[in-house]
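In what follows, a structure is listed as structure tokens, so that the remarks can point back to it.
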Amino acid sequence: MKFDELDAKMRVYETARDRCIVPGMYIVARIDGRGFTRLTKELHAFEAPFDERFRDYMSDTVKHLMQCGFNIIYGYTQSDEISLLFHIDETAFSRKTRKYISILSGEASAKFSTLLGGVATFDCRLSELPGRQLVVDYFRWRNEDAHRNALNTHCYWRLRKDNYNRNEATARITGMSIAAKNELLFNYGINFNDLPDWQKRGIGIYWTSAQHEGVNPHTGQAVTVKRRELHTEYHLPMREAYSDFIETLISRNEKQNTLNISAGDN
Ligand SMILES: Nc1nc2c(ncn2[C@@H]2O[C@H](COP(=O)(O)OP(=O)(O)OP(=O)(O)O)[C@@H](O)[C@H]2O)c(=O)[nH]1
Ligand SMILES: [Mg+2]
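Counting in the UniProt record's numbering, the sequence shown tops out at residue 266, every number present.
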């Protein structure tokens with residue numbers, strides 16, 4: 001069989017089941033550390049429940065993903081997970097799901113492993129959301145999950161430090177109300193409200209435009225250059241205010257694209 005014939009015959013087995021996400025659908029990817037309970041507690045020495053070095057590795061991984069060939073307008077991280085919102089007009093890889101899933105999990109694993117100096121892997125899944133409100137709801141969901149996890153994990157690790165074993169600490173907080181968990185921490189001298197926002201709300205990363213003073217290399221004259229930069233927000237809002245924040249971020253990006261398109265048409 002000639003190579004061209006063999007190539008065409010075999011390629012169909014790789015591509016016949018390819019799926020593309022239809023235009024007009026919002027895409028959100030969630031990338032999650034694989035087996036990070038063991039990685040953070042047994043394989044590497046990270047502080048529990050929250051470690052600033054771990055937080056910084058996660059946010060550097062988000063920044064890397066936002067610059068690896070896709071048009072991602074918002075990155076969010078809490079615990080060992082990352083959520084990425086693509087621009088509504090994203091066309092990379094003809095919106096083939098296998099490309100998004102494999103590239104994002106591969107890039108996240110490579111970046112985090114390099115920062116860690118050891119092997120770390122991430123999985124990836126996609127949500128296809130037919131409407132802006134669902135995107136807002138998605139990010140509200142992860143934001144509130146962060147808040148709930150922070151309360152649980154602070155209670156759990158406070159009890160562990162007080163010589164409760166794994167089972168005892170878990171049993172003690174299972175079924176406890178939110179008020180009772182706050183009270184438990186309070187009795188150890190911790191006011192949950194005073195803990196850092198990034199632990200309770202996660203971290204948001206988005207593009208801003210910043211002005212820099214530079215020199216035109218041809219004329220030697222001082223010039224002001226506008227550059228897109230990634231901003232890392234450690235004090236995200238909560239609840240309705242966070243919904244408004246996501247809504248505004250989406251509107252601003254969609255408006256900007258419309259302006260770019262009409263500027264290009266002239
Ligand atoms: N020590 C420490 N652990 C952290 C930190 N942030 C996240 N983790 C841990 O990361 C784990 C994330 O949980 P999961 O994603 O549900 O569990 P997993 O072990 O990664 O399992 P899979 O995701 O199903 O592969 C939890 O055990 C968290 O305690 C941190 O700052 N410090
Ligand atoms: Mg995980």
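For each residue, glycine too, the CB sits at the ideal point set by N, CA and C.
Please read all numbers here as calculations on a predicted model, not as lab measurements.
- By alpha-carbon distance to F245, the top candidate from D60, D137, F54, T174 is D137.
- Per DSSP, K226 is one residue of the beta strand (DSSP E) stretching across 222-233.
- Within the model, the alpha-carbon separation for I205 versus E168 is close to 38 Å.
- In this model, N163 and K255 are separated by some 55 Å (Cα to Cα).
- Per DSSP, S59 lies in no beta strand (DSSP E) segment; the continuous alpha helix (DSSP H) that holds it begins and ends at 52-65.
- Shown here, G106 sits in a helix according to DSSP, grouped into three states.
- The residue among S209, I203, F70, T232 with its C-alpha nearest the C-alpha of A92 is F70.
- Proximity to ligand 2 was defined by a C-beta distance below 5 Å to any of its heavy atoms, and the residues meeting it, in sequence along the chain, are D32, G33, F36, D80.
- For Y138, the secondary structure class from DSSP, reduced to helix, strand or coil, is helix.
- In the DSSP secondary-structure assignment, H212 is bridged to V225.
- In the DSSP assignment, Y164 falls outside any beta strand (DSSP E) and carries neither an H nor an E.
- Ranking L134, I103, Y76, P130 by CA distance to the CA of F122 puts I103 first.
- For D4, the shortest C-beta to heavy atom distance toward ligand 1 is 6 Å or greater.
- In summary, P49 is buried, with 16 or more beta-carbon neighbours lying within 10 Å of its beta-carbon over all protein chains present.
- Taking R158 as the centre and dropping the five residues before and after it, the same chain places the C-beta of Y188 closer than 6 Å to its C-beta, in chain order.
- About 28 Å separates the Cβ atoms of V119 and L85, ruling out a contact at the 8 Å cut-off.
- The beta carbon of V225 sits closer than 6 Å to the beta carbons of H212, G214 from its chain, once the five residues preceding and following it are set aside; these are given in chain order.
- Under the three-state reduction of DSSP, I88 is assigned to coil, being neither helix nor strand.
- Closest by C-alpha distance to T248, out of P217, Y74, D51, is Y74.
- With contact defined as three or more Cβ pairs closer than 8 Å, the stretch 143-160 and the stretch 37-57 are in contact.
- With fewer than 16 other Cβ atoms from the protein chains shown falling within 10 Å of its own Cβ, D4 counts as exposed.
- Inclusion of D51 in the 6 Å shell around ligand 1 follows from its C-beta lying nearer than that to a non-hydrogen atom of the ligand.
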